[in-house]
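Novice: One structure follows; several queries about it will come next.
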Amino acid sequence: MGGFQPEVTSPLVLDRPGAWRAAALLPFVALAAPALSLFVAALAMPSATWLGAGYGAALLTSVQVAVAVAAISLALGLPAGLLSACYRFRGRRLLLALLALPLLMPSFLWAIGLAMLRAALGWSPGGLLSGATAGVLACSALGVPLVLFATLLAVSLVTQGQADAARLAGGETILLRYATHSAAWPATAAAVFAALLSLADPGPGQILGYATAAGEVLVSFAAFYDFDLAARQSLALTAIALAITIPLFGMLAPRVEASLLSRDTKPASRRSHPVAGILIPFALTLLVSIVLLLPVTGLLLPLGHGVPVIRAAEEVSRTILDTIVYALGAGLLATGLGFAIATVVARNRSLRNLAIVSSLTLLALPPALTALGILLYGATAPAALDWLLRSRLTVCVALAARFVPIAVLLGLVSAAAMSHSWTQAAAVHGVGLRSYLRTVSLPSMQRGASLSVVLVALLATAETGTVLLLRPPGADSLPVAIFTVMANAPETLVAALCLAYLGGAVLVLVASRAVFMRGRP
Amino acid sequence: MNTTGLEVRNLSAAYGQRLALDAVSFTLAPGQRLAVIGTSGSGKSTLLRLIAGLDAPVQGEIYLDGVQVSKPGAVLVEPHDRALGMVFQDLALWPALSALDNVALGLAGALTGRTAARDRALEALALCGVAELAARNPREMSGGQQQRVALARALAVTPRWLLLDEPFGGLDIVTKEQLTRDILAILEHTGRGVVLVTHDPLEAAQLCHQVLVLEAGRTVEAGELARLLESPRSSILQAFQRILVRASAAGER
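Keeping their order, the protein sequence lines are chains A and B. Under my numbering, the final residue of the first sequence carries the number 521; numbering is consecutive throughout. Under my numbering, the final residue of the second sequence carries the number 774; numbering is consecutive throughout.
Structure representation (structure tokens):
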């Protein structure tokens, strides 16, 4: 035909169906491999007490805490999210930014803050700020914002036309009813997710003095050196998580998929409302006070007795490099893999759904499971594999494996923002696959990928269990250092380290926001 | 079979079980302009995608300048080897690139050197009246300007055939009228053959010699628009005739 000789491979390969795309789901199998190996090994482990004495009671407490966390998160997060999504009010950005902070912090930080607040107030153990009650409060610090932001996201899919139609049909009541209907499932899923995270979190129980199933796993491994018992306990916890997540997330995947693909949906603009304008800032300030200010006050109070600047600086400088290595390593690895998976599955609906279900399920698994599975490999692997199974890289890989699902979901969002017609225009006008990927596709995904690196890096830093189990000797991250020194170090040092961490995370968030918002109206 | 031109023979396409196009045939000599009109879902865009080689037909063949480019179940000549330019319904401009890069990107493989590609791209932008917007991102342009950049991209590859998929959708009447006039001048200047997909018979009449009317994937009428309007069989031309009569009566009043 014409005398026009472009690059040979057409970008249409990105859109055309093909069975090979299913291979993109293989990384999920690889990510689940350590957990599966652990499961197989656990079946062969002989033991008189299969789960250990006291595990049943600890598991019951964990489940009770998890149920309470889900209920509180839904009860507070859903209305707060609905009102924040529908109405304009003063201080919206600041209040929501403050509420986002707990999502990126380890819950043990809030638990330490609550424990210190109780001590400062002179309240006796057994009261409101101790035991499982305080544990519920510490875990809800993550659960409430999780539900709130899930609700915000869901309501942002309500278009201006739908909002106007609802208002015409019956005013604000009908609008709120319609918004509730839109957000009910995502908010419920977020609440269940928060409950599952609290179930797998050993931090608050260890600090606030109540036995939890995840805490028992850590104790079995780190205190009793009983790997087999830790593995079985971890698997029991996983069984509960999977029994809840697989049916729930299977049901939710099409809804999540629909919201990820809702390209070019202009959300309804928020309205001013005289009552809402006063009520919402008040309610959100109250929430910020409960989930953020209460524990932060607890962390600040001990510093009234002096700030151990030199000790804290020593501890921070000892751990800062490893903290950054783990965070960035996990961020880059997870984002590379997650975006590659997303690019391949993006144009196939069934694969997209499978990727979403797999992502959500992996995210709900106890993090200790993957870490213990990797330890299992490390125990039997030759020394030549130490660089992979007993090094800083191991920690990065395990953390990346934990948070790849976040990167996959962000990758799907980025891929959904790219129209099918882009590849078709490239194909017709002679743009080859390599040029297309380099010049069109990658720049379009750049913002999402950068966000993914930052988000995974922050979440990986907050994930102490994995680092605690897998770090090479002397290679602590800052949160792990806090977790390990808190029993023996002076309260002032622990508080100073917690606040240093909090300050660092805020700094990263503010800097990232400045970078991401550059050039945006 | 013509040795030159575009020939579509007995073409059918399906999405799953649904037949989107049913045994459509036509022939166009080089430089001829055909408007494909029809209501939504009548198979207009599907026909264009088949001609572009973006999809394979389930039945029928397509010939370009005597070469078979598509057969049932197969695209024999890839889209970029068909010497076509296409303006997509959503324009498909790449948002990360400037107008110039949008046009030049596809030329990089065809021309030796980046400078030659950029020169050709600038020529195409100038032809479409948007050379001064070369450095701008599509997001920073109006709808009409974006349409012109998309047209420049389609023309820059010096295609023998231009495929236009509802290129004026969403434009206000003033911009639409201006753009139609400019495109007509460009088409007459370059002598390109055109397949225009539209649901607006007026647009079809302004830009094309021939009209093909599709309903539910089948050809219901074909020929010159003025002749077809004398006794229209399709619902879309009947509706258009009624509008013309009403407009004429209103003019007289």
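In this text, a Cβ means the ideal position worked out from N, Cα and C, and glycines have one as well. Remember, it's a predicted structure, so these values are computed and weren't measured experimentally.
Tell me which same chain residues have a C-beta within less than 6 Å of the C-beta of Y377/A, skipping the five on either side of it?
Specialist: The count along the first sequence starts at 1 and reaches residue 377/A at position 377. Here the set comprises L389.
Novice: Given this structure, state the Cα-to-Cα distance separating M445/A from D611/B, to the nearest angstrom.
Specialist: Translated into the one-based positions of the first sequence, residue 445/A becomes position 445. Translated into the one-based positions of the second sequence, residue 611/B becomes position 90. Just so you know, the alpha carbons of M445/A and D611/B end up roughly 20 Å apart.
Novice: Who are the near neighbours of L98/A in its chain, counting only those whose CB is closer than 7 Å to its CB and skipping five residues on each side?
Specialist: Translated into the one-based positions of the first sequence, residue 98/A becomes position 98. Once the five neighbours on either side are set aside, the close Cβ partners of L98/A are V288, L292.
Novice: Counting only beta-carbon separations shorter than 9 Å, does Q160/A have a partner in chain B?
Specialist: Looking up residue 160/A in the first sequence gives position 160. No, its Cβ sits nowhere closer than 9 Å to a Cβ of chain B.
Novice: Between the alpha carbons of L540/B and A253/A, how many angstroms are there, rounded?
Specialist: Numbered from 1 along the second sequence, position 19 holds the residue referred to as residue 540/B. Numbered from 1 along the first sequence, position 253 holds the residue referred to as residue 253/A. Rounded to the nearest angstrom, the two C-alpha atoms are 30 Å apart.
Novice: Round the Cβ separation of G113/A and V296/A to the nearest angstrom and send it over; I've been treating them as touching at under 8 Å.
Specialist: As a working note, residue 113/A is residue 113 in the first sequence. As a working note, residue 296/A is residue 296 in the first sequence. Going by Cβ atoms, the distance from G113/A to V296/A rounds to 6 Å, so yes, they are a contact pair.
Novice: If you compare alpha carbons, which of V219/A, A35/A, A211/A, L286/A is closest to P145/A?
Specialist: Mapped onto the first sequence, residue 145/A falls at position 145. Selected option, being the one with the closest Cα: L286/A.
Novice: Is it buried or exposed for T370/A, if we count other Cβ within 10 angstroms and need 16 for buried?
Specialist: Along the first sequence, read from residue 1 onward, the residue named residue 370/A stands at position 370. By the 10 Å Cβ count, T370/A comes out buried.
Novice: Output the boundary residues of the alpha helix (DSSP H) element that contains N353/A.
Specialist: For the purposes of this step, residue 353/A is taken as residue 353 along the first sequence, with counting starting at 1. Segment 349 to 364, the alpha helix (DSSP H) holding N353/A.
Novice: Taking V440/A as the query, report the chain B residues whose CB atoms sit under 8 Å from its CB, ordered along the chain.
Specialist: One-based indexing of the first sequence puts residue 440/A at position 440. The contacting residues are W615, A617, L618, L626.
Novice: How far does the alpha helix (DSSP H) with N488/A in it extend, from its first residue to its last?
Specialist: Taking the first residue of the first sequence as position 1, residue 488/A is located at position 488. First-last for N488/A: undefined, no H or E at that position.
Novice: What do you get for G338/A, buried or exposed, if any count of 16 or more other CB atoms within 10 angstroms of its CB means buried?
Specialist: Here the question's residue 338/A lines up with position 338 in the first sequence. With 16 or more other Cβ atoms within 10 Å, it is buried.
Novice: At what residue ranges does the region 558 to 587 of chain B contain a whole run of the beta strand (DSSP E), taking only runs of 3 or more?
Specialist: 580 to 585
Novice: Can you tell which of R392/A, I356/A, A334/A, A496/A has the C-alpha that lies nearest to the C-alpha of V309/A?
Specialist: The residue you call residue 309/A lines up with position 309 of the first sequence. Closest by alpha carbon: A496/A.
Novice: Report yes if the CB atom of V529/B is closer than 9 Å to the CB atom of T560/B, and no otherwise.
Specialist: Counting from 1 along the second sequence, the entry for residue 529/B is found at position 8. Counting from 1 along the second sequence, the entry for residue 560/B is found at position 39. No.
Novice: Looking at the unbroken beta strand (DSSP E) that takes in A550/B, where does it start and where does it end?
Specialist: Walking along the second sequence from the start, residue 550/B turns up at place 29. Where A550/B is concerned, there is no enclosing beta strand (DSSP E), given that its DSSP letter is neither H nor E.
Novice: Closer than 8 Å by beta-carbon distance: list the chain A residues that pair up with M662/B, in chain order.
Specialist: What you label residue 662/B is simply residue 141 of the second sequence in a count that begins at 1. Chain A residues near M662/B: none, gap ~16 Å exceeds 8 Å.
Novice: Spatial neighbours of G574/B within its chain, please: CB distance less than 7 Å, with the 5 preceding and 5 following residues excluded, ordered by chain position.
Specialist: Here the question's residue 574/B lines up with position 53 in the second sequence. The answer, listed in chain order, is V590, S591, V596, V598, E599, P600, R603.
Novice: Assign S269/A to buried or exposed, taking buried as 16 or more other Cβ atoms, counted over all protein chains shown, within 10 Å of its Cβ.
Specialist: Numbered from its first residue, the first sequence carries residue 269/A at position 269. With fewer than 16 other CB atoms across the displayed protein chains lying within 10 angstroms of its CB, S269/A is exposed.
Novice: What number of angstroms, rounded off, separates the C-alpha of R747/B from the C-alpha of C729/B?
Specialist: Residue 747/B sits at position 226 when you count from the first residue of the second sequence. Residue 729/B sits at position 208 when you count from the first residue of the second sequence. Looking at the sequence provided, one finds Ala at residue 747/B rather than Arg. Distance between the alpha carbons of A747/B and C729/B is about 11 Å.
Novice: When you compare only the Cα positions, how much space is there between A620/B and L676/B?
Specialist: Indexing the second sequence from 1 puts residue 620/B at position 99. Indexing the second sequence from 1 puts residue 676/B at position 155. Their backbone Cα atoms lie some 14 Å apart in a straight line.
Novice: Indicate whether at least one CB of chain A lies closer than 9 Å to the CB of A675/B.
Specialist: Your numbering for residue 675/B matches position 154 in the second sequence. True, the Cβ-Cβ gap to chain A drops below 9 Å.
Novice: Bridge partners for M607/B per DSSP, in chain order?
Specialist: In the second sequence, counting from the first residue as 1, residue 607/B sits at position 86. M607/B pairs with L684/B.
Novice: Note down, in chain order, each residue of its chain lying with its Cβ closer than 8 Å to the Cβ of G691/B, except the 5 sequence neighbours on either side.
Specialist: On the second sequence, residue 691/B is found 170 positions in, with the first residue counted as 1. If we look at G691/B and ignore the five residues flanking it on each side, its Cβ neighbours are G664.
Novice: Please report the straight-line C-alpha distance between L12/A and A427/A, rounded to a whole angstrom.
Specialist: To locate residue 12/A, count along the first sequence from 1; it is residue 12. To locate residue 427/A, count along the first sequence from 1; it is residue 427. The alpha-carbon atoms of L12/A and A427/A are separated by roughly 6 Å.
Novice: Determine which residues share a DSSP beta bridge with S591/B and list them.
Specialist: Here residue 591/B corresponds to residue number 70 of the second sequence, with the count starting at 1. Paired residues: I583/B, V596/B.
Novice: Let's test the definition: count the other Cβ atoms within 10 Å of the Cβ of P202/A and tell me whether it reaches 16, buried, or not, exposed.
Specialist: Numbered from 1 along the first sequence, position 202 holds the residue referred to as residue 202/A. Buried, because 16 or more other Cβ atoms sit within 10 Å of the Cβ of P202/A.
Novice: Based on the DSSP output, what are the partners of A733/B in its beta bridges?
Specialist: As a first step, residue 733/B must be located in the second sequence, where it is residue number 212. The amino acid at residue 733/B is misidentified as Ala; the sequence shows Leu. Note: L733/B sits in a beta bridge opposite V557/B, A743/B.
Novice: Below 8 Å on the Cβ atoms is my guess for V732/B versus I558/B; work out the distance and round it to an integer in Å.
Specialist: Taking the second sequence and counting its residues from 1, the one referred to as residue 732/B is at position 211. Taking the second sequence and counting its residues from 1, the one referred to as residue 558/B is at position 37. V732/B to I558/B, Cβ: 6 Å. Contact.
Novice: In three-state DSSP terms, what is S533/B?
Specialist: Indexing the second sequence from 1 puts residue 533/B at position 12. The answer is strand: DSSP assigns S533/B an E or B state.
Novice: What residue does the beta strand (DSSP E) around L717/B start on, and which one ends it?
Specialist: For the purposes of this step, residue 717/B is taken as residue 196 along the second sequence, with counting starting at 1. Its beta strand (DSSP E) spans residues 714 to 719.
Novice: Given that V427/A touches chain B, what residues does it touch there, using C-beta distances under 9 Å?
Specialist: Locating residue 427/A in the first sequence gives position 427, where the first residue counts as 1. Before going on, a small fix: residue 427/A reads as Ala here, not Val. Under the 9 Å cutoff, chain B gives A573, G574, L575, E599, P600, H601.
Novice: Measure the alpha-carbon distance for D322/A versus A481/A and round it to whole angstroms.
Specialist: By 1-based counting over the first sequence, the position of residue 322/A is 322. By 1-based counting over the first sequence, the position of residue 481/A is 481. Taking the straight line joining both Cα atoms gives about 11 Å.
Novice: Compare the beta carbon distance of Q553/B and G744/B with 9 Å and say whether it is the shorter of the two.
Specialist: As a first step, residue 553/B must be located in the second sequence, where it is residue number 32. As a first step, residue 744/B must be located in the second sequence, where it is residue number 223. Cβ atoms of Q553/B and G744/B: not closer than 9 Å.
Novice: Taking only runs of the beta strand (DSSP E) that begin and end inside the region 5 to 73 of chain A, which ones reach a length of at least 3 residues, in chain order?
Specialist: none
Novice: What does the alpha-carbon distance come out to for the pair A645/B and P722/B?
Specialist: As a working mapping, residue 645/B is identified with position 124 in the second sequence. As a working mapping, residue 722/B is identified with position 201 in the second sequence. Each residue's alpha carbon lies about 28 Å from the other.
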